[in-house]
Amino acid sequence: MLQAGDWAFVLDNFDYLLTGAAVTVGLTLTSLLLGFLLGFPAGAVEVYGEGIAQRIVSVSGVVLRGTPIVVIMLVLFFVVSISKSAFVTATVGLGLRSAAYQSQIFRGALQSVDEGQMEAARAVGMSRFEAIRHVVVPQALRRSMPGFQNEFTIVLKDTSIAFAIGLAELLTRGYDLFTQSGRSTAVLEVFVAISAVYFVLTFGTNRALDRLSEYYAIPSGESS
Amino acid sequence: MTLLRVEDVHKSYGDEEVLKGVSFEMDRGDVDVLMGPSGSGKSTMLRCINRLTEIDSGGIWLDGTPVYDPETDVNELRQDVGMVFQDFNLFAHLTALENITLGLKRVLGVPEAEATERAADHLAQVGLAAQADSYPAELSGGQQQRVGIARALAMEPKLMLFDEPTSALDPELVGEVVEVMRDLAERGMTMLVVSHEMGFARSAADDIHFLDSGRIVESGPPEQLFQRPEHDRTSEFLTGLQSNGH
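Chains as they are written, first to last, in our numbering: chain A, 54 to 277; chain B, 5 to 250.
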């Protein structure tokens, strides 16, 4: 099974894998950013919007959440061909799907802020928009952190699905390694290595986001 | 001079009519207390004045301005009406000081430095100068409610509304809030208070309005209402309150 020669092969090509890991990290960040830019307003529209805008947002979310990410990506690349770049296509695919999930994270967080907060803001004369912006959103963003951390982990791992459109990210590069002639025995070693990289990335970023949550946590006077 | 005029206000939630034609007036500097059993419409009446709840018919005038006129800007109107809530409703993510500066900065456009100074003054007035940097969850209920009062006062309102300001407090914390309210009354603030605090009503109120099932059953100064209530409903209610240790 695990063989010294195959490990040496993986180690020799570790740079090649790390270049893939850099693509993975880049794709995670662009996808999450697109997901946030679309998902946050979408969540707000679901909570505060009305009529046709709210209907459109909520139906788009249902469709995106109900379609497998591989299908989204293949359709974007081969059917709609939104871009020749696999990276751009993968960003749009993962970003749209993430937006659909992030909108639900933010919707829940916005709804969890007590109604009295809005009333108190309105009672001092703030407009509805000001009250949302200065009172509800700052609290909702803090409450969305645990959900956002999950979403971060999911998107990071799902960047591997860009394999389907040939983007040279971590998984694709691992696949390239063991499909070289005479290296099929290194399958397990390659997968162990790239799994380790995925683990380090998810674990590391989750700890960093924990720190961020703690930093911005609202003091309760009970923890000290 | 009349500051607040409430005339024949009706309000229903679905099939249930909560206010069935309420009318009363307050002069500048008056302190009036609304009392009555739960569900009698006291809080709804209060909330109709700053339009957190909208009336179905009738009219309300604040300092001559028709509150429900389509021409009236509700955000401007609310600057003139301070509100203190039963559950305090302090902005949870802001310190005591920031709770006060937010409205000053965003609504009145007061510059940062001046807003901070004014907020600190208002905190000092309610005895909380030392708690300026504390977050609501770090304060006791009584302290939170005092910040709530300071937040409303900082907007320099013409009228202050208190919606059961002490009923969410532990008994030993009621006194500090009542003291702040009494102090405010003595300084001439016009106050409309929904409360069953007999001590406050007796010592600070000009008039007490007794509400039952959406109507003002009886109004009058505290001595009259407490000692010689004209209606059975009023005396029953007051007897109940007194036997509960209020």
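Just so it is clear, CB atoms sit at the ideal spot from N, CA and C, and this is done for glycine as well.
- [ ] Take A:E172 as the anchor and find which of A:N66, A:A106 and A:H187 has the nearest alpha-carbon.
- [x] Closest by alpha carbon: A:H187.
- [ ] Can you tell me which of the three DSSP states B:V178 falls into?
- [x] Three-state DSSP puts B:V178 in a helix.
Open item on the list: Taking a contact to mean a Cβ-Cβ separation below 8 Å, would you say B:A156 touches B:L108 in this structure?
Closed with: Taking 8 Å as the Cβ cut-off, B:A156 and B:L108 do not qualify as a contacting pair.
Task: Completely contained beta strand (DSSP E) runs for the stretch 114-169 of chain A, where each covers 3 or more residues - done: Qualifying beta strand (DSSP E) stretches: none in this window.
- [ ] Leaving out five residues on either side along the sequence, give the residues of the same chain with a beta carbon under 8 Å from the beta carbon of B:V178.
- [x] Closer than 8 Å at Cβ, skipping near neighbours: G146, T170 and E201.
TODO: Verify the CB distance criterion: does B:A119 have a CB-CB separation below 8 Å to chain A?
DONE: No, no contact with chain A.
Task: Candidates A:L80, A:Q155, A:T77 and A:L85, of which the one nearest A:S113 by Cα - done: Just measuring C-alpha positions, the residue of A:L80, A:Q155, A:T77 and A:L85 sitting nearest A:S113 is A:Q155.
Task: First and last residue of the uninterrupted beta strand (DSSP E) at B:E20 - done: Residues E20 to D31.
- [ ] Could you list the residues in the stretch 112-146 of chain A with a C-beta less than 8 Å from some C-beta on chain B, going in chain order?
- [x] If you check each beta-carbon in the stretch 112-146 of chain A against every beta-carbon of chain B, none falls closer than 8 Å.
- [ ] May I ask you to verify whether the stretch 160-179 of chain A touches the stretch 222-240 of chain A, counting CB pairs closer than 8 Å and requiring at least 3?
- [x] No: the two stretches stay apart, fewer than three of their Cβ pairs being nearer than 8 Å.
Open item on the list: I need the DSSP call for A:R236, collapsed to helix, strand or coil.
Closed with: A:R236 sits in coil when the DSSP states are folded into three classes, being neither helix nor strand.
Open item on the list: Is B:E80 close to chain A? Criterion is C-beta to C-beta, closer than 8 Å.
Closed with: With 8 Å as the cut-off, B:E80 counts as an interface residue toward chain A.
Task: Proximity test, Cβ basis, 8 Å: A:S273 and chain B - done: At least one CB of chain B lies nearer than 8 Å to the CB of A:S273.
- [ ] Indicate whether at least one CB of chain A lies closer than 8 Å to the CB of B:E116.
- [x] No, no contact with chain A.
Open item on the list: Can you find the residues in the same chain that come closer than 8 Å, C-beta to C-beta, to A:K210, ignoring five residues on each side of it along the sequence?
Closed with: Sequence-distant partners of A:K210 (beyond 5 residues in either direction) whose C-beta falls short of 8 Å from its own C-beta, in its chain, are Y251 and T255.
Open item on the list: For A:F67 and A:D59, what's the separation of their Cα atoms in angstroms?
Closed with: Near 12 Å, if we compare the C-alpha coordinates of A:D59 and A:F67.
TODO: For A:A176, return the contacting residues in chain B, with the cut-off set at a CB-CB distance below 7 Å.
DONE: Result: N54, L56, R82 and M87.
Open item on the list: Taking CB distances under 8 Å as the criterion, tell me whether B:H126 reaches chain A.
Closed with: At least 8 Å separates the CB of B:H126 from every CB of chain A.
- [ ] With 8 Å as the limit, tell me which residues of the stretch 170-201 of chain A have their beta carbon closer than that to any beta carbon of chain B; keep them in chain order.
- [x] Those would be Q170, E172, A173, A174, R175, A176, V177, G178, M179, S180, E183, H187, V188, P191, Q192 and R195, in chain order.
TODO: Check the DSSP bridge columns for B:W65 and list the partner residues they point to.
DONE: DSSP output for B:W65 lists B:R9 and B:P70 as bridge partner(s).
Open item on the list: For a test of the three-state rule: what should DSSP assign to B:G86, helix, strand or coil?
Closed with: Reduced to three states, the DSSP call for B:G86 is strand.
TODO: Check whether the Cβ of A:D68 lies closer than 8 Å to any Cβ atom in chain B.
DONE: Taking Cβ atoms only, chain B never reaches closer than 8 Å to A:D68, which makes this a no.
Open item on the list: Here's a check: name, in chain order, each residue in its chain whose Cβ is nearer than 6 Å to the Cβ of A:T77, leaving out the five neighbours to either side.
Closed with: Hits under 6 Å: T212, E222 and L223.
TODO: Taking B:M159 as the query, report the chain A residues whose CB atoms sit under 9 Å from its CB, ordered along the chain.
DONE: Within 9 Å Cβ-Cβ: V177 and G178.
Open item on the list: Quick check on A:S276 - is its C-beta less than 8 Å from some C-beta in chain B?
Closed with: Because A:S276 sits at a pLDDT of 44, beneath the cut-off of 50, its placement in the model cannot be relied upon, and the point is left open.
Task: A:K137 burial status per 10 Å Cβ neighbour count (16 or more: buried) - done: Classification for A:K137: exposed.
Open item on the list: So, does the stretch 146-165 of chain A touch the stretch 194-201 of chain A, judging by three or more C-beta pairs under 8 Å?
Closed with: The stretch 146-165 of chain A makes contact with the stretch 194-201 of chain A, as at least three CB pairs between them are under 8 Å.
- [ ] Specify the secondary structure class of B:H213 as computed by DSSP and reduced to three states.
- [x] B:H213 falls in the strand class under three-state DSSP.
Task: CA-to-CA distance, A:S266 to B:T243, given in whole angstroms - done: Just so you know, the alpha carbons of B:T243 and A:S266 end up roughly 52 Å apart.
- [ ] Look up B:G224 in the DSSP assignment and give the residues it is bridged to.
- [x] Paired residue(s): B:I212.
Open item on the list: So B:V111 contacts chain A; which residues on that side make the cut at Cβ distance below 7 Å?
Closed with: Neighbours of B:V111 on chain A, chain order: V177, G178 and M179.
TODO: Show which residues of chain A have a CB atom less than 9 Å away from the CB atom of B:R155.
DONE: Those are A173 and V177, listed as they occur along chain A.
Task: Coil, strand or helix - B:F166 by DSSP - done: Note: B:F166 maps to strand in three-state DSSP.
Open item on the list: Looking at B:T238: is its Cβ nearer than 8 Å to the Cβ of B:E222?
Closed with: The answer is yes: Cβ separation under 8 Å.
TODO: Kindly list, in the order they appear in chain A, the residues whose Cβ is closer than 7 Å to that of B:D91.
DONE: Neighbourhood of B:D91 in chain A, by CB distance below 7 Å: G169, in chain order.
- [ ] Would you kindly check if the distance between the Cβ of B:A100 and the Cβ of B:V151 is under 8 Å?
- [x] Cβ atoms of B:V151 and B:A100: closer than 8 Å.
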